[in-house]
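Undergrad: In UniProt numbering, the protein residues as written are 1 to 157.
Quick look at the structure:
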């Protein structure tokens, strides 16, 4: 990892949590009007981020954060959520650095794979995750939808 952008694991009382929430909202704003149902980031609160710092892991690159990632251990994988990169810093390898961090964390936790979900409409994200070693393993539908709304993707570690 580049020492200029050190990875930071956040605690529930971290004063950087409001900056994380802003990063996620700003980074996911392009999805508005493209995905249905709307992103869960609209319901994300500081309290939920703080809880995730305890129930899972919340990481960012740098403080204030320029990229972030939520990790949730599951029985057979480490789930990646809320992967966000500041819009003016995209295409510089920050998402790849966070995925590499997730690989390290999965290995440390003894988990054999990473898993994530990406919305069906966000084809550019499908391609990005494929370049990072993820393969599509299924689809899911949000409650009330009779069509797939998300792709499930996995990567062995």
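Note that CB positions come from ideal geometry on N, CA and C, so glycine has one too.
Between residue 61 and residue 98, is the Cβ-Cβ spacing less than 8 Å?
TA: Yes, the Cβ-Cβ distance between residue 61 and residue 98 is below 8 Å.
Undergrad: Around the Cβ of residue 87, are there at least 16 other Cβ atoms within 10 angstroms (buried) or fewer (exposed)?
TA: Residue 87 should be labelled exposed.
Undergrad: What's the gap between the Cα of residue 1 and the Cα of residue 7?
TA: Its pLDDT being 43, under 50, residue 1 is placed unreliably by the model, and the measurement read from it follows with that caveat. Each residue's alpha carbon lies about 8 Å from the other.
Undergrad: Evaluate residue 42 with the Cβ neighbour count: other Cβ atoms within 10 Å of its Cβ, from every protein chain shown; 16 or more gives buried, anything less gives exposed.
TA: By the 10 Å Cβ count, residue 42 comes out exposed.
Undergrad: I'd like to know if the segment 113 to 128 and the segment 136 to 154 are in contact, where contact means that at least 3 CB-CB pairs between them fall below 8 Å.
TA: Yes: at least three Cβ pairs fall under 8 Å.
Undergrad: For the pair the segment 75 to 89 and the segment 23 to 31, tell me if three or more CB-CB distances fall below 8 Å.
TA: Contact between the segment 75 to 89 and the segment 23 to 31 is present, because at least three Cβ pairs lie under 8 Å.
Undergrad: Along the chain, where does the alpha helix (DSSP H) that runs through residue 123 open and close?
TA: It spans 123 to 131 - the alpha helix (DSSP H) in which residue 123 sits, taken as one unbroken run.
Undergrad: If distances are taken between C-alpha atoms only, which option among 124, 136 and 141 comes closest to residue 91?
TA: Cα-wise, what sits closest to residue 91 is 124.
Undergrad: Decide if residue 145 is buried, meaning its Cβ has at least 16 other Cβ atoms within 10 Å, or exposed.
TA: Flag for residue 145 reads exposed.
Undergrad: Can you tell which of 140, 16 and 101 has its C-alpha closest to the C-alpha of residue 50?
TA: For residue 50, the nearest C-alpha among the options comes from 16.
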